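Colleague: Position in the sequence shown (from 1) plus 961 gives the number in my numbering.
A virtual CB, placed ideally from N, CA and C, is assigned to each residue, including glycine.
Since the structure is predicted, the reported quantities are computational estimates derived from the model, not experimental observations.
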Amino acid sequence: EMFAQYQAARGDVALARNTLLPIDTTDSGQPCDSFGLHRRLTTLKSLYEEKGLAFIANMGILEQPADMSNWVQKTRNTVLFAHNTQTQETAAIDVFDEYAGIGIGGRIIDVLNEGGV
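Shown next, in the form of structure tokens:
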């Protein structure tokens, strides 16, 4: 079960299941049928249910899988543990260097701006 995996990964800081706002994704084609949001994110829950918001899971800047034994060697081109750097790099992510200077985050922002969001 994915919640058990979440709890194992987050340890003592994992949120209790009964405190999460449930999001039903059974008709979305996603790998899981549901997930949860922090109880204070009611606006995001409403926007998702009104089809005004999408969640993008597992978006990151790693070019290849990494683990505790090799992450330093495999992540030399980024600063994994700096929020400001990760924010900038996510906006410009383009692992395969197809859209020089504008990565997936930048392209998503362009599409949202074109749509008036």
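Could you give the DSSP three-state label for aspartate 973: helix, strand or coil?
Modeller: In the sequence shown, residue 973 corresponds to position 12, counting from 1. Three-state result, aspartate 973: helix.
Colleague: Note down, in chain order, each residue of its chain lying with its Cβ closer than 7 Å to the Cβ of glutamate 1050, except the 5 sequence neighbours on either side.
Modeller: Working through the sequence shown from its first residue, we reach residue 1050 at position 89. Taken in chain order, the residues that qualify are Ile1022, Thr1039.
Colleague: Using a Cβ-Cβ distance cut-off of 8 Å, determine whether glutamate 1024 contacts chain D.
Modeller: Protein chain content of the structure displayed is limited to a single chain, and chain D is not contained in it.
Colleague: Could you spell out where the alpha helix (DSSP H) holding leucine 998 opens and where it closes?
Modeller: By 1-based counting over the sequence shown, the position of residue 998 is 37. Per DSSP, leucine 998 belongs to no alpha helix (DSSP H); it is in the beta strand (DSSP E), 995 to 998.
Colleague: State the DSSP-derived secondary structure class of aspartate 1028, mapped to helix, strand or coil.
Modeller: Taking the sequence shown and counting its residues from 1, the one referred to as residue 1028 is at position 67. DSSP places aspartate 1028 in coil when its eight states are reduced to three.
Colleague: With leucine 1005 as the anchor, note down where its alpha helix (DSSP H) starts and where it stops.
Modeller: Within the sequence shown, the letter at position 44 stands for residue 1005. Element bounds for leucine 1005: 1003 to 1010.
Colleague: Can you tell me where the beta strand (DSSP E) with leucine 982 in it begins and where it stops?
Modeller: As a first step, residue 982 must be located in the sequence shown, where it is residue number 21. Start and end: 982 to 985.
Colleague: Would isoleucine 1054 be called buried (16 or more neighbouring beta carbons within 10 Å of its own) or exposed?
Modeller: Translated into the one-based positions of the sequence shown, residue 1054 becomes position 93. Isoleucine 1054 comes out buried.
Colleague: Please tell me whether leucine 998 and leucine 1005 are closer than 8 Å, where the distance is taken between their beta carbons.
Modeller: Here residue 998 refers to the residue found at position 37 of the sequence shown. Here residue 1005 refers to the residue found at position 44 of the sequence shown. The answer is yes: Cβ separation under 8 Å.
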